[in-house]
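Trainee: Quick one: the structure is below, and I'll ask about it shortly.
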Amino acid sequence: MLSEESDAALVARAGGGDDQAFNFLMQRHGPSVSRFLGRMLTDAGDAEDATQETFVALHRNLHRYDPARPFLAWLFQIARNKGRDRIRRRVALQWISGDPALEERASDAPSPEREVSDRGVLAEVEHAIQSLPETLRTPLLLFAIEGLSQAEISEVMKISAKAVEMRIYRARRKVADKTGLLLEG
153 MLSEESDAAL
163 VARAGGGDDQ
173 AFNFLMQRHG
183 PSVSRFLGRM
193 LTDAGDAEDA
203 TQETFVALHR
213 NLHRYDPARP
223 FLAWLFQIAR
233 NKGRDRIRRR
243 VALQWISGDP
253 ALEERASDAP
263 SPEREVSDRG
273 VLAEVEHAIQ
283 SLPETLRTPL
293 LLFAIEGLSQ
303 AEISEVMKIS
313 AKAVEMRIYR
323 ARRKVADKTG
333 LLLEG
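For the sequence shown, position 26 matches number 178 in the numbering used here, and the numbering has no gaps at all.
In structure tokens form, the structure reads like this:
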């Protein structure tokens, strides 16, 4: 049964042409990738597109997966790269169009999840997290929201585990300073 197979086994099967195994990987990890990109990009349309691009890239590169590495670290590295690509496209579009407000308008459409939670403390924390630089926001989201270990995050970001620990600490401190709250975890 697919639900009992490890990610590495599913990747091996998908790499061998088993579409059902790949679809199961998408079902298993799609929501996490989508949440991560939704918080990274803030625009629901961009996040949805980047999620699709992540799984297209995953499918094209299944042969490159190293089973010695954690699958989630590899997947979130792909997702992070696709998110960065989206941000670069948005900035390029702004520059080409000459409209400085274009980037702001492109990221104004909140996700349904964000619309519901856009009240009180939760909205304040969300804003504080979004205002963090990407180098602090990414490890915080991967750790606190997606549950990745510091070792997995270090592989995604290509930095040491100690650097991940320090960035998570700094991100929490900045959010706490802006909101007056201390993030758990």
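From the three backbone atoms N, C-alpha and C, an ideal C-beta is built for every residue, glycine too.
1) Tell me whether M153 sits in a helix, a strand or coil according to DSSP, three-state version.
2) As an exercise, report each continuous alpha helix (DSSP H) stretch of at least 4 residues that is fully enclosed by the segment 167–222, in chain order.
3) Pair every Cβ in the segment 217–232 with every Cβ in the segment 307–317, then say whether three or more of these pairs are closer than 8 Å.
4) Straight-line CA distance for A161 to T331?
5) Looking at the unbroken alpha helix (DSSP H) that takes in L288, where does it start and where does it end?
6) Taking 8 Å as the threshold (C-beta atoms), are I281 and V327 in contact?
7) Since D201 and L177 are thought to touch, with beta carbons under 8 Å apart, how far apart are those beta carbons, to the nearest angstrom?
8) Residues in the same chain with beta-carbon distance under 6 Å from A313, minus the five sequence neighbours each way, listed in chain order, please.
9) Tell me the rounded alpha-carbon separation between P264 and I297.
10) So, with DSSP's three-state summary, where would you put K310?
11) Please check the pair Y217 and V277, which I expect to be a contact at CB under 8 Å, by giving their CB distance rounded to whole angstroms.
12) Using CA coordinates, which residue listed in L210, P291, P285 is at the minimum distance from A166?
13) Using a 10 Å radius around the Cβ and a threshold of 16 neighbouring Cβ atoms, would you call H279 buried or exposed?
14) Would DSSP call E317 helix, strand or coil?
15) For R238, count neighbouring C-beta atoms within 10 Å of its own C-beta (all shown protein chains included) and say buried if the count is 16 or more, exposed if not.
16) Can you say whether A199 is buried or exposed, counting buried as having 16 or more other CB atoms within 10 angstroms of its CB?
17) Determine the direct distance from the alpha carbon of I320 to that of D195, and round the result to whole angstroms.
18) Assign A220 to one of two classes, buried (16 or more other C-beta atoms within 10 Å of its C-beta) or exposed (fewer than that).
Mentor: Walking through what the data contain:
1) coil
2) 171–193, 196–212
3) yes
4) 43 Å
5) 286–292
6) yes
7) The Cβ separation is near 19 Å, so there is no contact.
8) Q302, A303, S306
9) In this prediction, P264 scores a pLDDT of 49, lower than 50, which makes its location untrustworthy; no coordinate-derived value is stated.
10) coil
11) Not quite, the Cβ-Cβ distance comes to about 35 Å (not below 8 Å), so this is no contact.
12) L210
13) exposed
14) helix
15) buried
16) buried
17) 24 Å
18) exposed
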